[in-house]
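S.K.:
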Amino acid sequence: MPIRILIADDHGLLRAGLRALLRDEPDMTVVGEAIDSEDTIRKALELRPDVILLDISMPGRGGLEVTRFLRKNLPGTRILILTVHEDEDLLREAIRLGASGYIIKRAVEAELVHAIRAVSRGELYIHPAMTRALLKDLAPPPSEASPVEPLTPRELEVLRRIALGYTNRQIAEELGISVRTVETHRANLMSKLGVNSRVELVRYAREHGLI
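So the sequence shown is residues 228 to 438, counted in my numbering.
1) Out of V346, E336, H312, R413, state which residue places its alpha-carbon closest to the alpha-carbon of G328.
2) Check whether the Cβ atoms of L318 and L280 sit closer than 8 Å, and answer yes or no.
3) Leaving aside the five residues before and after R433 along the sequence, list all residues of the same chain whose C-beta is less than 7 Å from its C-beta, in chain order.
4) Whose C-alpha, out of S264, R413, L274, is nearest the C-alpha of R295?
5) D254 to P229, Cα distance in whole Å?
6) Counting along the chain, where does the beta strand (DSSP E) carrying V257 start and finish?
7) Looking at the unbroken alpha helix (DSSP H) that takes in Y431, where does it start and where does it end?
8) Could you please give the first and the last residue of the uninterrupted beta strand (DSSP E) stretch that includes I232?
9) Could you name the residues of the same chain whose beta carbon sits closer than 7 Å to that of L249, not counting the 5 residues immediately before and after it, in chain order?
10) How about K419 and P377: are their beta carbons less than 8 Å apart?
11) Is A321 buried or exposed, if buried means 16 or more other CB atoms sit within 10 Å of its CB?
12) Which runs of the alpha helix (DSSP H) spanning at least 4 residues fall entirely within the segment 296 to 356, listed in chain order?
13) Near E384, what residues of its chain come up, given a Cβ to Cβ distance below 7 Å and the 5 sequence neighbours on each side ignored?
14) May I have the straight-line CA-CA distance separating T408 from I398, to the nearest angstrom?
15) Just to confirm the assignment, what range does the alpha helix (DSSP H) spanning L280 have?
16) Measure the beta-carbon distance from L274 to G259 and round it to whole angstroms, keeping in mind my assumption that it falls under 8 Å.
17) What residue range is occupied by the uninterrupted alpha helix (DSSP H) comprising H412?
18) Nearest by alpha-carbon distance to E382: which of R348, E350, M417 is it?
Shown next, in the form of structure tokens:
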């Protein structure tokens with residue numbers, strides 16, 4: 228059975244162009260055209276197409292409201308948004324409301340045909356120019372850098388003992404290193420943490436829960 232398609236767009240020339248394009252596809256047939264939101268809903272309920280090519284800027288309720296209504300009342304019909312808007316927020320909202328695809332009107336003919344076949348199979352199709360928006364949503368949120376992330380394990384050991392009031396010699400004896408090495412670690416700590424004294428090192432350690 229061919230894919231039964233309803234074209235919903237208020238521009239007659241575009242509808243004629245789409246109809247001519249799809250006429251050449253043996254596995255597709257255009258069963259109707261709609262010129263505004265109410266016309267789209269009425270013909271969708273009457274014709275029950277497999278796929279609706281839906282302009283997001285339809286007169287009346289608009290494409291998003293039509294998408295919401297049809298996903299609730301015609302769950303078996305796939306909605307492929309066809310729009311000039313390369314807008315990430317519109318893309319997210321359309322997908323959230325149940326659209327099966329989002330394709331830009333400047334897409335080449337082969338892309339549109341591929342998109343129709345994809346959504347008719349139950350797949351999600353996003354125009355390549357817009358996929359970055361969804362990939363951005365799927366990426367994990369940037370984690371807040373740890374206040375001690377730049378410090379080495381040895382520097383942390385030295386910082387904790389400084390905060391506890393150890394002298395350089397006591398730190399050296401406990402860690403089995405030289406006093407000069409402790410002084411080097413302390414200088415590195417001040418440089419990395421942007422502090423200028425032992426007192427500020429102690430305050431930093433306490434404020435960040437290191438003791």
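Virtual Cβ for every residue (Gly too), placed ideally from N, Cα, C.
Note that this is a predicted model, so its numbers are computed, not measured.
M.R.: On the basis of the supplied data:
1) V346
2) no
3) A390
4) S264
5) 4 Å
6) 255 to 261
7) Going by DSSP, Y431 is part of the alpha helix (DSSP H) stretching over 425 to 434.
8) 230 to 235
9) I232, M255, V257
10) yes
11) buried
12) 315 to 323, 336 to 347
13) L402
14) Whole-angstrom Cα-Cα distance: 10 Å.
15) Element bounds for L280: not the alpha helix (DSSP H) but the beta strand (DSSP E), 278 to 282.
16) 5 Å
17) 406 to 420
18) M417
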